[in-house]
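Participant: Have a look at this one.
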Amino acid sequence: AHADHHELIERLYAAIRIMPGLERALVLLMLDDLSYREMAEITGLTENQVGVGLTRARKRLAGLMKGVIDEVE
2 AHADHHELIE RLYAAIRIMP GLERALVLLM LDDLSYREMA EITGLTENQV
52 GVGLTRARKR LAGLMKGVID EVE
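So for the sequence shown, our numbering puts the first residue at 2; every next one is plus one.
Take a look at the structure:
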């Protein structure tokens, strides 16, 4: 189980690395558990732009990870 978890994390970060810059940054900030306000301060975006960007980034990441979870399990 530990090896499967490790592989899933590796694949997740591989997918994040190929994402466009802003989406990648927003996902990494989200994984660091920052609020929309904190992300906005760091990126120079508005909180609304952060929300829209994260929605797009999550969709892209889900597409990149499609099938990976089934494959690992």
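Even for Gly, the Cβ is constructed at its ideal location relative to N, Cα and C.
Pop quiz: A58 and E48 are said to be a contact at Cβ under 8 Å. What is the actual Cβ separation, rounded to whole angstroms?
Facilitator: Stepping through the sequence shown from its first residue, residue 58 is reached at position 57. Stepping through the sequence shown from its first residue, residue 48 is reached at position 47. Contact doesn't hold; Cβ gap of about 15 Å is too wide.
Participant: Quick check on Y37: buried or exposed, where buried means 16 or more other Cβ atoms within 10 Å of its Cβ?
Facilitator: In the sequence shown, the residue the question calls residue 37 occupies position 36. The residue in question, Y37, is buried, as its Cβ has 16 or more Cβ neighbours within 10 Å.
Participant: Indicate the three-state DSSP secondary structure (helix, strand or coil) for I19 in the structure shown.
Facilitator: Within the sequence shown, the letter at position 18 stands for residue 19. Reduced to three states, the DSSP call for I19 is coil.
Participant: Are the Cβ atoms of L23 and L55 separated by less than 7 Å?
Facilitator: By one-based count along the sequence shown, residue 23 stands at place 22. By one-based count along the sequence shown, residue 55 stands at place 54. Cβ distance not < 7 Å, so L23 and L55 don't count as in contact.
Participant: DSSP state of A2, grouped into three classes?
Facilitator: Looking up residue 2 in the sequence shown gives position 1. Reduced to three states, the DSSP call for A2 is coil.
Participant: Find out if the Cβ-Cβ distance for the pair R61, M20 is shorter than 7 Å.
Facilitator: As a working note, residue 61 is residue 60 in the sequence shown. As a working note, residue 20 is residue 19 in the sequence shown. A contact, by the Cβ cut-off of 7 Å.
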